[in-house]
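Q: In the working numbering, the protein residues as written are 1 to 110.
We put the CB at the ideal spot given by N, CA and C, even for glycine.
(1) Less than 8 angstroms between the C-beta atoms of residue 19 and residue 37, yes or no?
(2) Quick one: measure Cβ to Cβ for residue 61 and residue 32, integer angstroms, because I've assumed they're closer than 8 angstroms.
(3) Output the distance between the C-alpha atoms of residue 91 and residue 104, rounded to the nearest integer angstrom.
(4) For residue 9 and residue 59, which I take to be in contact (beta-carbon distance under 8 angstroms), what is that distance rounded to the nearest angstrom?
(5) Within its chain, find whatever has a CB closer than 7 angstroms to the CB of residue 79; leave out the 5 residues flanking it on each side and keep chain order.
(6) How big is the Cα-Cα spacing for residue 84 and residue 28?
(7) Suppose only complete runs of 3+ residues qualify. What are the beta strand (DSSP E) ranges in the region 60 to 105, listed by chain order?
(8) Between the Cα of residue 24 and the Cα atoms of 102, 81, 69, 96, which residue gives the shortest distance?
(9) Is residue 41 helix, strand or coil when you go by DSSP?
(10) Assign residue 54 to one of two classes, buried (16 or more other C-beta atoms within 10 Å of its C-beta) or exposed (fewer than that).
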């Protein structure tokens, strides 16, 4: 059976924003789990100016069927004009099978 699990990589301006988004995502049953990683440093070009910023990473573990709803939710509630939201495939034949099964059961459409 294909589990079709995804990890969304999202950057936020603050740990508080990541926590708020993460809690609401879990409450809305849009993901099985989120992780918050503060203290990330970003260097990027925005409007032809090189910028540096301290950001927080929000990792969202979910099923492919919920990627678009999670993305829409983040876009509607994020402070950035153009937030980083990247969906990565979670390999089904690698990692802890029991955890992957739990992740599938918690995040797949019911």
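A: For this structure:
(1) Working through the chain shown from its first residue, we reach residue 19 at position 19. Working through the chain shown from its first residue, we reach residue 37 at position 37. The answer is no: Cβ separation not under 8 angstroms.
(2) Residue numbering aside, residue 61 sits at position 61 when the chain shown is read from its first letter. Residue numbering aside, residue 32 sits at position 32 when the chain shown is read from its first letter. At roughly 5 angstroms, the Cβ-Cβ gap stays under 8 angstroms, so residue 61 and residue 32 are in contact.
(3) For the purposes of this step, residue 91 is taken as residue 91 along the chain shown, with counting starting at 1. For the purposes of this step, residue 104 is taken as residue 104 along the chain shown, with counting starting at 1. So the two alpha carbons sit approximately 12 angstroms from each other.
(4) Along the chain shown, read from residue 1 onward, the residue named residue 9 stands at position 9. Along the chain shown, read from residue 1 onward, the residue named residue 59 stands at position 59. Right, their Cβ atoms sit about 6 angstroms apart.
(5) In the chain shown, residue 79 corresponds to position 79, counting from 1. 13, 17.
(6) Here the question's residue 84 lines up with position 84 in the chain shown. Here the question's residue 28 lines up with position 28 in the chain shown. Going from the Cα of residue 84 to the Cα of residue 28 covers about 21 angstroms.
(7) 85 to 89
(8) For the purposes of this step, residue 24 is taken as residue 24 along the chain shown, with counting starting at 1. Of 102, 81, 69, 96, the residue nearest in Cα terms is 69.
(9) Taking the first residue of the chain shown as position 1, residue 41 is located at position 41. Reduced to three states, the DSSP call for residue 41 is strand.
(10) Here residue 54 is taken as the residue at index 54 of the chain shown, counted from 1. Exposed, because fewer than 16 other Cβ atoms sit within 10 Å of the Cβ of residue 54.
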